[in-house]
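In this note's numbering, the protein residues as written are 904 to 1087. Note that CB positions come from ideal geometry on N, CA and C, so glycine has one too. Here's the structure, in structure tokens; my notes come after.
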Amino acid sequence: MRNIKKILIYTVVLTIISGAYVIMAPVHTAVPLKSWRADVGEATGSGLLWLLVIIYGRTLLKLLVNNGSLMERLLPEPAVNDTKSMLKKFIRFLNKTHPYVGVTTVVLVFGHTFLEGVSRANLLMDAILVLALWQFAFGAFLLTRYQLVFVKKMKRYSYMAHSQLYTGVAFGVFALFGHLLVGD
Ligand code: HEM
Ligand code: HEM
């Protein structure tokens, strides 16, 4: 409960900061793209939205089967009773496919930015690129099997760095406000 309160306060603060940035930032004059790039750019934007829904939908489902425990959802095999076995299977499928969905999301963030024109980037959009790299780097540490001391140490921190929900909130708030400064 305390964790959820913290996330809510963080969301409100981030929303206020992003809103202030949108109001104070110089107006971005958009040159509408009229080419295949506009169409593919649009499709990658919608694709990104869906991928983020899948990623955080998995988190929501895990929270549901764990009666809302933010920490317990990170256990490899959450305590799920058998009446929910279909749901359990579905969550397992989402778990197995997550690294692929994750890599696709990171690649698409950069692809979408390139297609929509990097020159129209603003600080909020830049932050999204950094967040994507953050998720990729720590996600890779979680998967790697290298036994180097440095890697082992990083692995311990990577769960905290990668699986927290603060980056998710930041993705949402920055994308929402960031897009107010781009486009037609
Ligand atoms: C923007 C991209 C990504 C986002 C938003 C994201 C988000 C998350 C979240 C929220 C969790 C915790 C799961 C939960 O809530 O229970 C998680 C776990 C994990 N992620 Fe990612 N992730 C991304 C990319 C990646 C990438 C690129 C990789 C691998 C290269 C990766 C590998 C993992 C692993 C191994 C776990 C822990 C095991 C598990 O929960 O399934 N993720 N990720
Ligand atoms: C979480 C990441 C992001 C998501 C979910 C996302 C999603 C979307 C969506 C759904 C659209 C609207 C497509 C349509 O017209 O139907 C869009 C457009 C656009 N996006 Fe993104 N986007 C993300 C990141 C970025 C980043 C990092 C940039 C960097 C510059 C960017 C730049 C643009 C631009 C310029 C447009 C065109 C806006 C317009 O012409 O109205 N987006 N995005």
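Asked	Found
Of the listed residues Ala1030, Ala1040 and Leu1046, nearest to Asn998 (C-alpha basis)	Leu1046
Contact check, Phe1080 vs Ile1031, beta carbons under 8 Å	no
Length of the line joining the Cα atoms of Pro929 and Met989	51 Å
Exposed unless 16 or more other CB atoms sit within 10 angstroms - verdict on Asn906	exposed
Between the CA atoms of Asp1029 and Tyr1003 - distance to the nearest angstrom	23 Å
Cβ-Cβ separation, Gln1038 to Val1009 (assumed contact under 8 Å), whole Å	7 Å
Straight-line Cα distance separating Gly950 from Trp939	16 Å
Residue closest to Leu1027, alpha-carbon to alpha-carbon, out of Tyr913, His1082 and Val915	His1082
Cβ pair Gly1071, His1015 closer than 8 Å	no
Cutoff 7 Å; reference Ala1078; Cβ partners in own chain excluding five residues on either side	Ile1031
Any non-hydrogen atom of ligand 2 within 7 Å of Met1028 CB	yes
Spatial distance of Val925 from Phe993 (CA atoms)	40 Å
DSSP three-state assignment for Arg905, whether helix, strand or coil	helix
Rounded separation between Gly922 and Val1033 - CA only	20 Å
Spatial distance of Gly1085 from Glu1019 (CA atoms)	Residue identity differs from the one stated: residue 1085 is Val in this sequence, not Gly. When rounded, the distance between both Cα atoms is 9 Å.
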